[in-house]
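Residues 1 to 285 (the UniProt record's numbering) make up the sequence shown, in order.
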Amino acid sequence: MADLVDSMLDLMRRLPPTQVEENVASLVAMCPDYADDLLGSVDQPLKIMTDRATGKEYLACDYNRDGESYRSPWSNEYDPPLEDGTVPSSRLRKLEITANEAFDTYREMYYEGGVSSVFLWDLDDGGFAGVVLLKKVLNAASSTEPSGSWDSIHVFEAAERGRQAHYKLTSTVMLQMTDRAITASEGKESRDSDKPDAKREGEVVLSGSMTRQSEQDLPLHDQASHISNTGRMVEEMEIKMRNLLQEVYFGKTRDIVYDLRSIDDLEKARRQRELQKELVGFIKR
């Protein structure tokens, strides 16, 4: 069993990130007995669902799934309805409601849109765990504008130790961007002819995921302190991961693209070479 699951996970790491949902579904269809192990180990883009009772949107993932149903953080009900679905204790449910309100404000401040959800569950050792989900989708207004999505999954465990609590946070960010552009060819041949400039259509797809972990001991004054503590850790982690994406991943991609392709047209490059030859000829005289 372990070898088969490891092989499926190894295969997923080699397949295109943009097709993770289709690939997971294919593996589950081939090995249905290992569906739970695979779904619990592979991060997939978050799905947006609507709470039937409140009309509010929430995010669905493996952490609020029970069978084929997903629990809403707003009404605490499953969709499709599930009579014996797992729900948090009454004490934890109150904390979950407050956490959803707090991170909804965080989402509006940082993302200016999107959807957020927080789910909590009890642990056997007396502590609790939870997940903070954030998703923002950019839809292209036209065929030449960029589109993409950002998915954040922050899983944490909290263990109370007197007036302090120990937190373990595992954060995963999935980013997908598609940029389409249509440009006119700028070669000498197209300019001298009577025909309009030829058009070139290109598409650049950038996608992938990043996972980071952190642990901290933070003061605990009351139950509400859990929300402020985890909120601070999530905020710091997201800032760190955004900086890594900007400086390392996007910066490296930009350098590679500029090395592979010149942004100047061929005619301009030809004129520069001719000018250099003329200058060299004048110097030699």
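C-beta atoms are modelled at their ideal positions from N, C-alpha and C, and glycine is treated no differently. Nothing here was measured: the structure is a model prediction, and the numbers come from that model.
So, using beta-carbon positions, are Ser152 and Leu138 closer together than 8 angstroms? For this step, residue 152 is matched to residue 152 along the sequence shown. For this step, residue 138 is matched to residue 138 along the sequence shown. Contact: no.
So Leu11 is in the beta strand (DSSP E); what residue range does that whole segment cover? For the purposes of this step, residue 11 is taken as residue 11 along the sequence shown, with counting starting at 1. Note, Leu11: premise wrong, no beta strand (DSSP E); alpha helix (DSSP H) at 2-14.
Identify whether Arg52 lies in helix, strand or coil by the three-state DSSP scheme. For the purposes of this step, residue 52 is identified with residue 52 of the sequence shown, where counting begins at 1. Note: Arg52 maps to coil in three-state DSSP.
Could you give the DSSP three-state label for Ala102: helix, strand or coil? Your numbering for residue 102 matches position 102 in the sequence shown. DSSP places Ala102 in helix when its eight states are reduced to three.
For Ser90, the three-state DSSP class (helix, strand or coil): If you number the sequence shown from 1, residue 90 lands on position 90. Helix, per DSSP.
CB-CB length for Pro88 against Leu120, believed under 8 angstroms: Position 88 of the sequence shown, counted from the first residue, corresponds to residue 88. Position 120 of the sequence shown, counted from the first residue, corresponds to residue 120. Right, the Cβ-Cβ distance comes to about 5 angstroms (below 8 angstroms), so this counts as a contact.
Taking the alpha carbon of Thr172 as the point to measure from, which residue in His154, Pro45, Ser26, Gly208 has its own alpha carbon closest? Counted from its first residue, the sequence shown places residue 172 at position 172. Ranking His154, Pro45, Ser26, Gly208 by Cα distance to Thr172 puts His154 first.
Which residue from Asn229, Lys56, Ala102 puts its Cα closest to that of Arg163? Against the sequence shown, residue 163 aligns to sequence position 163. Ranking the options by Cα distance to Arg163, first place goes to Asn229.
Beta-carbon separation of Lys56 and Trp74 under 8 angstroms? Mapped onto the sequence shown, residue 56 falls at position 56. Mapped onto the sequence shown, residue 74 falls at position 74. Going by C-beta atoms, Lys56 is nearer than 8 angstroms to Trp74.
Around the Cβ of His221, are there at least 16 other Cβ atoms within 10 angstroms (buried) or fewer (exposed)? Within the sequence shown, the letter at position 221 stands for residue 221. With fewer than 16 other Cβ atoms within 10 Å, it is exposed.
In its own chain, which residues sit with a C-beta less than 6 angstroms from the C-beta of Ser207, not counting the 5 before and 5 after it? Position 207 of the sequence shown, counted from the first residue, corresponds to residue 207. Taken in chain order, the residues that qualify are Pro17, Thr18, Gln176.
At the level of alpha carbons, what is the spacing between Gln276 and Arg270? Position 276 of the sequence shown, counting from 1, holds the residue named residue 276. Position 270 of the sequence shown, counting from 1, holds the residue named residue 270. About 10 angstroms.
In terms of alpha-carbon separation, which member of Ser209, Asp10, Asp104 lies closest to Trp150? Within the sequence shown, residue 150 is the residue found at index 150, counting from 1. Comparing Cα-Cα distances from Trp150 to each of Ser209, Asp10, Asp104, the minimum goes to Ser209.
Given a cut-off of 8 angstroms on the beta-carbon distance, is the pair Val115 and Leu59 in contact? Numbered from 1 along the sequence shown, position 115 holds the residue referred to as residue 115. Numbered from 1 along the sequence shown, position 59 holds the residue referred to as residue 59. Closer than 8 angstroms, so yes.
What separation, rounded to the nearest whole angstrom, lies between the Cα atoms of Tyr106 and Asp124? Stepping through the sequence shown from its first residue, residue 106 is reached at position 106. Stepping through the sequence shown from its first residue, residue 124 is reached at position 124. Cα to Cα, the separation comes out at about 30 angstroms.
From the DSSP output, which residues share a beta bridge with Thr170? By one-based count along the sequence shown, residue 170 stands at place 170. Answer by DSSP bridge pairing, in chain order: Val155, Gln213.
Leu49 versus Tyr70 - alpha carbon distance: As a position in the sequence shown, residue 49 is number 49, starting the count at 1. As a position in the sequence shown, residue 70 is number 70, starting the count at 1. Note that residue 49 is Met in the sequence shown, not Leu. Cα-Cα distance, rounded: 9 angstroms.
For Gly208, which of helix, strand or coil comes out of DSSP? Here the question's residue 208 lines up with position 208 in the sequence shown. Of the three classes helix, strand and coil, the one that applies to Gly208 here is strand, per DSSP.
Please report the residue range of the beta strand (DSSP E) in which Leu138 lies. For the purposes of this step, residue 138 is taken as the residue at position 138 of the sequence shown. 128-138 is the span of the beta strand (DSSP E), which, as asked, contains Leu138.
Nearest-angstrom Cα separation, counted from Lys47 out to Gly126: Numbered from its first residue, the sequence shown carries residue 126 at position 126. Numbered from its first residue, the sequence shown carries residue 47 at position 47. Each residue's Cα considered, the two are about 31 angstroms apart.
Between Leu169 and Met241, how many whole angstroms is the CB-CB distance? I'm expecting something under 8 angstroms. Working through the sequence shown from its first residue, we reach residue 169 at position 169. Working through the sequence shown from its first residue, we reach residue 241 at position 241. Actually they do not touch by this definition, with Cβ atoms about 12 angstroms apart.
What separation, rounded to the nearest whole angstrom, lies between the Cα atoms of Ala129 and Ala158? Residue mapping note: residue 129 aligns to position 129 of the sequence shown, counting from 1. Residue mapping note: residue 158 aligns to position 158 of the sequence shown, counting from 1. Looking at the two C-alpha atoms, the distance is approximately 6 angstroms.
Just reading off the alpha helix (DSSP H) that Arg242 is part of, what are its end residues? Translated into positions along the sequence shown, residue 242 becomes position 242. Start and end: 225-244.
Going by DSSP, what residues sit across from Arg161 in a beta bridge? If you number the sequence shown from 1, residue 161 lands on position 161. Looking at the DSSP assignment, Arg161 forms a beta bridge with Gln164.
6 angstroms CB neighbourhood of Glu189 in its chain, flanking five on each side removed: Position 189 of the sequence shown, counting from 1, holds the residue named residue 189. Any reading at Glu189 must be qualified, since the residue scores a pLDDT of 41, below 50, and its modelled position is unreliable; no value is offered.
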